[in-house]
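Read through the structure below, which is laid out as structure tokens, and then see the notes.
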Amino acid sequence: MDECKFYEGLLNLPLLEVTSVELSKDSILISCCSKLGSAICPCCKNKVTKVNQVYRRKVSDLSISGRSVVLDLEIRQFVCLDCPRHFSEQFDFVSEHSHTTTRQSKWVFMLCQQQAHSQVAALLDMSNSQVAHIYQCEATAHLSSCDRYALVRNLGIDEIALRKGKGDYACVLVDLDRGWVIDILPYRDKDKLIEHFLSKGAAFLQQISHVTCDMWDGYISAAMAVFPNTTIIIDRLHVSMHLNQAIDKQRKELRKEDKDAEELKNTKWILLKNEDDLTTQEKEKLAKVFEYSPVLEELYTIKKTFKAIFDSTLPKAFLLSCITQWVEDAQWIANKYLNEFVKTFNNYKTWICNYFESKLSNGVVEGCNNKIKTIKRIAYGMANFENFKLRILTQTE
Ligand SMILES: [Zn+2]
């Protein structure tokens, strides 16, 4: 078998004839041309054999045993005498203006899913901008192949800080049933959200039956404005977070009053954690906290009751009466931090208590957010929001 035939077999591109191969330390340059004697005119679909001129085009292909591979393709420009027009022959393994074969692009995309673009560029001996370009084309093609909004019934809305401490938020939309990020938007204000949802069409707006979100008024008003058949649920995890904050404020105040109190040192997380997750040692420590501060014990106990109500699977009507009782008990304690919480709770009560019916929460969104944080770490230095978004959408499926 001669060398050219050997490389033809290796390339596994059946329509190519290899005419010569140049090996160097790091690369292999393979010159090749089509085995076909004719081409189909893109206009009249007739078979055309008359060649007007020949030129060459280089495309990068999958590497072979650590050497980068470049195909030096002979391209024939045909003339269709019927139309009449000139056209260049096309190959099925490379798109018209691409500098890489389709399989090489897919490989670049796959590598980019796990590594920073710069690492992929170094690995494949490509430039950063080349890798970024391929990634963008592949990811866009991948995403446009499906309408991510089409099947959504239960929509989770959450946000992530794009740059810490800059007030720069992105809004994350999640399909709660599939646990997918559907979209990520570089804003979270009401008017822009309304505009965005409206652009997705009437069928989408009609089919949304639940929206879960935090206590951000922009989300609530946007959802009320655009989804006619939706029940809005304030995410229970966000509500508990607020209740935890009340306890933490009380703890901080006590710490301030009595800086030397051993009982209060390193107790923040013990007070905030679920009781079931505490170790024996932590439980002992917690008992000492309560001995020192009955107020903290009261707050902790009422937090537990709150959680128990939300964990319960009893009917909504019954749980609503529990909540009414809970609010009364909370007010009875007359603690300023808890009162602040109760005030917020009452403002959003209807939406918070909608949870009792559907049991939907943003738990799955939180999971996505953790993935997004990982992507942010991998994609450090990725200043471009669109690229960041493409990464998230293709990687959280
Ligand atoms: Zn023609």
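Mapping the sequence shown onto my numbering, position 24 (from 1) lands on 24, and the numbers just tick up by one. Where a beta carbon is used, it is the ideal one built from N, C-alpha and C, also for glycine.
Exercise for review: Examine ligand 1 and report whether any of its heavy atoms sits within less than 7 Å of the Cβ of residue 85.
Suggested key: Taking the sequence shown and counting its residues from 1, one reaches residue 85 at position 85. Yes, the Cβ of residue 85 comes within 7 Å of a heavy atom of ligand 1.
Limits of the unbroken alpha helix (DSSP H) element including residue 290: Within the sequence shown, residue 290 is the residue found at index 290, counting from 1. Start and end: 280 to 292.
Exercise. Just mark residue 154 as buried or exposed, buried being the case when its beta carbon has 16 or more other beta carbons within 10 Å.
Key: Here residue 154 refers to the residue found at position 154 when the sequence shown is read from its first residue. Result: buried.
- Between the Cα of residue 213 and the Cα atoms of 360, 258 and 16, which residue gives the shortest distance? Stepping through the sequence shown from its first residue, residue 213 is reached at position 213. The shortest Cα separation from residue 213 among 360, 258 and 16 belongs to 360.
message = Does residue 58 come out as helix, strand or coil in the three-state DSSP assignment?
response = The residue given as residue 58 occupies position 58 in the sequence shown. The answer is strand: DSSP assigns residue 58 an E or B state.
Taking only three categories from DSSP, how would you classify residue 169?
Numbered from its first residue, the sequence shown carries residue 169 at position 169. Strand at residue 169.
Closer than 7 Å to a non-hydrogen atom of ligand 1 - does that hold for the CB of residue 52? Here residue 52 refers to the residue found at position 52 of the sequence shown. No, Cβ of residue 52 sits at least 7 Å from all heavy atoms of ligand 1.
Original post:
Mind checking whether residue 112 and residue 135 have CB atoms under 8 Å apart?
Top reply: Here the question's residue 112 lines up with position 112 in the sequence shown. Here the question's residue 135 lines up with position 135 in the sequence shown. The answer is yes: Cβ separation under 8 Å.
Q) Distance, Cα to Cα, residue 32 vs residue 367? A) The residue you call residue 32 lines up with position 32 of the sequence shown. The residue you call residue 367 lines up with position 367 of the sequence shown. If you take the alpha carbons of residue 32 and residue 367, they lie about 49 Å apart.
>> Let's test the definition: count the other Cβ atoms within 10 Å of the Cβ of residue 107 and tell me whether it reaches 16, buried, or not, exposed.
In response: Indexing the sequence shown from 1 puts residue 107 at position 107. It is buried - the Cβ of residue 107 has at least 16 other Cβ atoms within 10 Å.
Note to self: Within the continuous alpha helix (DSSP H) that includes residue 134, where are the two ends?
What the structure shows: Taking the first residue of the sequence shown as 1, we reach residue 134 at position 134. 128 to 144 is the extent of the alpha helix (DSSP H) around residue 134.
Best match in 119, 20, 48 and 64 for proximity to residue 74 [C-alpha to C-alpha]
The residue labelled residue 74 in the question sits at position 74 within the sequence shown. Of 119, 20, 48 and 64, the residue nearest in Cα terms is 20.
First and last residue of the uninterrupted beta strand (DSSP E) at residue 91: The residue you call residue 91 lines up with position 91 of the sequence shown. Note, residue 91: premise wrong, no beta strand (DSSP E); not H, not E.
Report whether the distance from the Cβ of residue 46 to the nearest heavy atom of ligand 1 is below 7 Å.
Position 46 of the sequence shown holds residue 46. Flag set: Cβ of residue 46 near ligand 1.
Range covered by the beta strand (DSSP E) that runs through residue 76:
The residue labelled residue 76 in the question sits at position 76 within the sequence shown. Per DSSP, residue 76 belongs to the beta strand (DSSP E) from 67 to 80.
For this session: Please list, in chain order, all residues of the same chain as residue 101 whose beta carbon is under 6 Å from its beta carbon, the five residues on each side excluded.
Result: One-based indexing of the sequence shown puts residue 101 at position 101. Residues 59, 61, 93 and 94 of the same chain have their beta carbon placed closer than 6 Å to that of residue 101, with the five preceding and five following residues left out of the count.
Notebook entry, point to check: Under the three-state reduction of DSSP, which class applies to residue 47: helix, strand or coil?
Noted result: Here residue 47 refers to the residue found at position 47 when the sequence shown is read from its first residue. Strand, per DSSP.
> Taking just the CA atoms, how far does residue 248 sit from residue 195?
Replying inline: As a first step, residue 195 must be located in the sequence shown, where it is residue number 195. As a first step, residue 248 must be located in the sequence shown, where it is residue number 248. Distance between the alpha carbons of residue 195 and residue 248 is about 39 Å.
>> Under 8 Å, with one C-beta from each stretch per pair, do the region 208 to 222 and the region 309 to 318 reach the 3-pair mark?
In response: no
Query raised in the report: For the beta strand (DSSP E) that contains residue 329, what are its first and last residues?
Result: Sequence index remark: in the sequence shown, residue 329 carries index 329 (1-based). Unbroken run through residue 329 is the alpha helix (DSSP H), 316 to 333; no beta strand (DSSP E).
Subject >> Contact set for residue 235: own chain, Cβ-Cβ below 7 Å, skip 5 residues either direction >> reply: Here the question's residue 235 lines up with position 235 in the sequence shown. Here the set comprises 212, 213, 214, 361 and 362.
Residue 226 versus 250, 199 and 241, residue with shortest Cα-Cα distance: Along the sequence shown, one-based indexing puts residue 226 at 226. Of the candidates 250, 199 and 241, the one whose C-alpha sits nearest the C-alpha of residue 226 is 199.
Three-state secondary structure assigned by DSSP to residue 231 | Your numbering for residue 231 matches position 231 in the sequence shown. Of the three classes helix, strand and coil, the one that applies to residue 231 here is strand, per DSSP.
Q) Is residue 144 close to chain D, meaning its C-beta is less than 8 Å from at least one C-beta of that chain? A) No chain D is part of this structure, which consists of one protein chain only.
Do residue 13 and residue 72 have their beta-carbon atoms positioned less than 8 Å apart in this structure? Your numbering for residue 72 matches position 72 in the sequence shown. Your numbering for residue 13 matches position 13 in the sequence shown. With respect to residue 13, residue 72 sits apart: the two C-beta atoms are not nearer than 8 Å.
If you check the beta carbons only, do residue 205 and residue 197 fall under 8 Å apart? As a position in the sequence shown, residue 205 is number 205, starting the count at 1. As a position in the sequence shown, residue 197 is number 197, starting the count at 1. Contact: yes.
Can you give me the C-alpha to C-alpha distance between residue 55 and residue 132, rounded to a whole angstrom?
To locate residue 55, count along the sequence shown from 1; it is residue 55. To locate residue 132, count along the sequence shown from 1; it is residue 132. Approximately 28 Å, taken between the alpha carbons.
(Q) Suppose you measure from the CA of residue 45 to the CA of residue 18; what does that come to, to the nearest Å? (A) Walking along the sequence shown from the start, residue 45 turns up at place 45. Walking along the sequence shown from the start, residue 18 turns up at place 18. Each residue's Cα considered, the two are about 27 Å apart.
- Task: Assign residue 267 to buried or exposed, taking buried as 16 or more other Cβ atoms, counted over all protein chains shown, within 10 Å of its Cβ.
- Result: For the purposes of this step, residue 267 is taken as residue 267 along the sequence shown, with counting starting at 1. Buried is the call here.
Exercise for the section: Using three-state DSSP, classify residue 41 as helix, strand or coil. Expected result: If you number the sequence shown from 1, residue 41 lands on position 41. Coil.
Notebook entry, point to check: At which residues does the alpha helix (DSSP H) containing residue 196 begin and terminate?
Noted result: Sequence index remark: in the sequence shown, residue 196 carries index 196 (1-based). 190 to 198 is the extent of the alpha helix (DSSP H) around residue 196.
- Item | Residue range of the beta strand (DSSP E) that includes residue 34 | Within the sequence shown, numbered from 1, the residue matching residue 34 stands at position 34. Counted as a single uninterrupted DSSP element, the beta strand (DSSP E) harbouring residue 34 occupies residues 27 to 34.
From residue 255 to residue 129, what distance separates their C-alpha atoms? For this step, residue 255 is matched to residue 255 along the sequence shown. For this step, residue 129 is matched to residue 129 along the sequence shown. Approximately 54 Å, taken between the alpha carbons.
Decide if the region 229 to 246 is in contact with the region 369 to 376; the criterion is three or more beta carbon pairs, one per stretch, under 8 Å apart.
-> no
message = Quick check: what's the CA-CA separation for residue 276 versus residue 269?
response = Taking the sequence shown and counting its residues from 1, one reaches residue 276 at position 276. Taking the sequence shown and counting its residues from 1, one reaches residue 269 at position 269. Whole-angstrom Cα-Cα distance: 13 Å.
Checklist entry - How is residue 213 classed by DSSP in three states: helix, strand or coil? => result The residue given as residue 213 occupies position 213 in the sequence shown. Strand at residue 213.
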